[in-house]
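Worksheet for the structure shown next.
Protein chains in written order, with the working numbering: chain B, 20 to 479; chain W, 20 to 479.
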């Protein structure tokens, strides 16, 4: 570990904490139009932060939505590697407000700035995790006078609303953003004493399926039993999505699923998972899923299908004796390497056609597609990240995946670089929920690990 | 046919039509609180109608909802039979108003009062069909000075909202309403040249099923694939209600279904049904149902199951990546003789239990039960009705059933008398729809048939 950076942190701790609290006071909620000016204020604040830390070419990058912020330090020379740090400065909404123990935008340090935690909306998702990256740059410049490699920062303003303009921004700014490796600072670790790094995220394919069987609702006494009922058809479609073993029953759905490497399998097996505790955290009374697969496989490394909503016919109070005329359902698929969104989409649509009897109208609307992201665990950059984490936490990290989908896939694909995940959040940090927090010890470790990482990655 | 009654009708035609139009101007919509005063005005108008026709003991019978109207003529003596005429004076709402060619409560005679039709809300359902019964009594009293049997009228005010207080009224007034036979004047015939009489109506059992799998909606990326999804469970339940042959798959569902008698089968086979025309009338592009059964069996004589609504999870615009926490469906069963609502209810609930995995909460709410109604076709009163219809239409009627459910079952059960259906409506009279109409020729025939029927039924 770099003793000079650690000493610098010691001396700068109070200023760093004050900087964090100042940023957290800006309610940069991207989902709410009323906070658009706050998101812009946060972007300008972020630009000042980057410039103050010694980054150059700082710019607020406009999009059709909320702005991102860019800054770089490119004096390591052409033979050194270039890393791009990704994070976001927007935050989630705060409802339900009455469950917060302190106001979400009045950040509080509880238990001290070393061993305690910081409570506020955005503390860990993602302002805290951007700040330790920026402060690592400031610290290295202050102590070494230079960075071991070229560094670029791209801090998004719309991550919490699904990054609607992010991919066009990446494409438009591909030259400015060109890099050898991407470091995402927006994920979590399994536990403080079980350091982990994410090596993959699931992809996403979503559909809205609408069924129409008649011109209008029909009297269930006069017509029931002789006309098609869209509720029955939708029920059969939804039921047929899975077999009795909980496997997705669409032909060819699993064809392209890549096996885990032995390293990944060993790492997965080493994760100390308490299923009962996970079940309680989920707020369910039973766990279920694809048969023959472990809980971690089900949420990380296996593709899934979940119907997110069904609506058919009458839903009001009491009863209405009709055969409904229309209805439908919304379904999402989570994809894993090497499934391709366009292939799964085509297989789903072809399967759906086989479910529809003649004389029934079915309307199918796709809702975007995100490919799964995978960083090969044997990539040298992953080894570099593992050494950086081990240097700070004292243990080599295990590999995890994230079941969700995000802008990381587009980052890796558009910029053509491997994606590393240096995340210090903890699973119980209450992402998106009341009383979001960041554990300060993880924050300081993240800062030091970022410094280590730049040394490890210095050659391309 | 009674020539004196026919001559009387000829002389009274203009007054009868004027009476009909006057009644149809009262917007007695029982479903809409804003029309409660109109329903009461209609009840008072009905009471005056009955009294004016020569009925006695006329009374507005109060219920917890809208009032019914009673009147009788009991001078035929204790050796004569007593018939009770049932109809209703309330009407359906009129939406969508812009589809009416003339205002629903400004009744219009189109094409003349003999060969034409009367257009208005309530023209055929049911004011017109009550009026020909009342005028038959007035006519017989005017021409014969007496009726061949004792007659009671019970004209309900809440039929169009499901007769919520009707059975308690029947029970409370059982003595006043005691009779040997009930004549329902609220149904239809197959065609003007194919006279028919209904001999049965289906019963009804309805349920609201609610499923809950989690405390709250869960992120479909982080939890999807490992937790139960209520959409999948509801889909499986709905799909499992029917087998691939369109039969209801609940064990024992068909156990108590009575076979048709040879007379009923022959009558069903004689109905001149154009399936293609029926399909167009239903507004569907395909017909389907229980395999091995004809269209008429499916809608009249076979029990059915229709899910009337499903609602699970997210139903808004676009997509939401959640595993929903709850959802449910509403289902109705139409029952035929000799199925009992309580037995079907018990079998459904027992079947549903087998569908629910441990750790999922299911809440099942029954919504009432109506037994199927059946009038044996070999009952002497049915033969009397057939002779009355043949006397006017020139052909013996065929037997039909009604797929729907109504207060007729309660009438027969509580009063302990067979239920006859003298209905002159036609299938394309647009019940409950814009431009409801009554074909005047059917109205005049109904009046004469009512007169015939009292002669045929005079002995108990």
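Here a beta-carbon is modelled for each residue, glycine too, at the ideal position from N, C-alpha and C.
Remember, it's a predicted structure, so these values are computed and weren't measured experimentally.
Counting along the chain, the unbroken beta strand (DSSP E) around residue 87/B starts and ends at 87 to 92. Contact annotation for residue 378/W against chain B: 303, 304 and 305 [CB-CB distance below 8 Å, chain order]. Annotation for residue 232/W: no beta strand (DSSP E) segment contains it, and DSSP assigns it neither H nor E.
Look at the segment 274 to 356 of chain W and you find these whole runs of beta strand (DSSP E), each 3 residues long or longer: 323 to 332 and 345 to 354.
Look at the beta carbons and you see the segment 360 to 369 of chain W not touching the segment 187 to 196 of chain W: under three pairs across the two are nearer than 8 Å. Taking every protein chain shown into account, the CB of residue 51/W has fewer than 16 other CB atoms within 10 angstroms, so this residue is exposed. For the set 464/B, 306/B, 162/B and 260/B, the Cα lying nearest the Cα of residue 295/B is the one of 306/B. Within the segment 233 to 271 of chain W, the complete alpha helix (DSSP H) runs of at least 4 residues fall at 249 to 259. Counting other Cβ atoms within 10 Å of its Cβ, residue 133/B stays below 16 and is therefore classed as exposed. Inclusion of residue 200/B and residue 102/B in the CB contact set at 8 Å is warranted, their separation being smaller than that value. Not one beta carbon of chain B lies nearer than 8 Å to the beta carbon of residue 420/W.
Within its own chain, the residues whose Cβ lies closer than 7 Å to the Cβ of residue 121/B, once the five positions on either side in sequence are excluded, are 127 and 138, listed in chain order. Take the alpha-carbon of residue 360/W and the one of residue 221/W: they are about 11 Å apart. A distance of 8 Å or more separates the beta carbons of residue 156/B and residue 168/B. In the DSSP assignment, residue 220/W forms a beta bridge with 392/W and 421/W. Residue-level contact by beta carbon holds for residue 242/B and chain W, with a gap shorter than 8 Å. The count of Cβ pairs closer than 8 Å, one atom from the segment 343 to 354 of chain B and one from the segment 220 to 239 of chain B, reaches three, so the stretches are in contact.
Sequence-ordered contacts of the segment 347 to 364 of chain W with chain B read 348, 349, 351 and 353 [C-beta pairs closer than 8 Å].
Non-local C-beta neighbours of residue 225/B in its own chain, meaning closer than 6 Å and more than five positions away in sequence, comprise 351 and 386, ordered along the chain. Residue 180/W carries a helical assignment under DSSP once its states are collapsed to helix, strand and coil. Counting C-beta pairs closer than 8 Å gives fewer than three between the segment 422 to 430 of chain B and the segment 24 to 32 of chain W, which falls short of the contact rule. Close CB contacts of residue 62/B within its chain, under the 6 Å cut and outside five residues either way in sequence, are with 79, 86, 88 and 176 (chain order).
With a threshold of 8 Å between beta carbons, residue 330/B makes contact with chain W. Sixteen is the threshold: when 16 or more other Cβ atoms of the shown chains lie within 10 Å of the Cβ of residue 317/B, as they do, the residue is buried.
Taken atom to atom, the span from the alpha-carbon of residue 313/B to that of residue 364/B is near 26 Å. Measuring C-alpha to C-alpha distances from residue 262/B to each of 254/W, 391/W and 119/W identifies 254/W as the nearest. Residue 76/W counts as exposed, since fewer than 16 other C-beta atoms from the protein chains shown sit within 10 angstroms of its C-beta. In this structure, 181/W is the residue among 211/W, 181/W, 277/W and 143/W with its C-alpha nearest to the C-alpha of residue 388/W.
In the DSSP assignment, residue 459/W falls within the alpha helix (DSSP H) that extends over 459 to 475. Contact note: residue 248/B reaches chain W through 325 and 326, using a C-beta cutoff of 8 Å and chain order. In terms of Cβ geometry, residue 178/B and residue 109/B form a close pair [threshold 8 Å].
Between the alpha carbons of residue 236/B and residue 246/W lies a gap of roughly 35 Å. The criterion of a C-beta distance shorter than 8 Å is satisfied by residue 434/W and residue 196/W. Here residue 143/W carries a helix assignment [DSSP, helix/strand/coil].
The shortest CA-to-CA distance from residue 124/B to any of 170/B, 267/B, 112/B and 140/B is the one to 140/B.
Taking 8 Å as the threshold, the shortest C-beta distance from residue 334/W to chain B falls below it.
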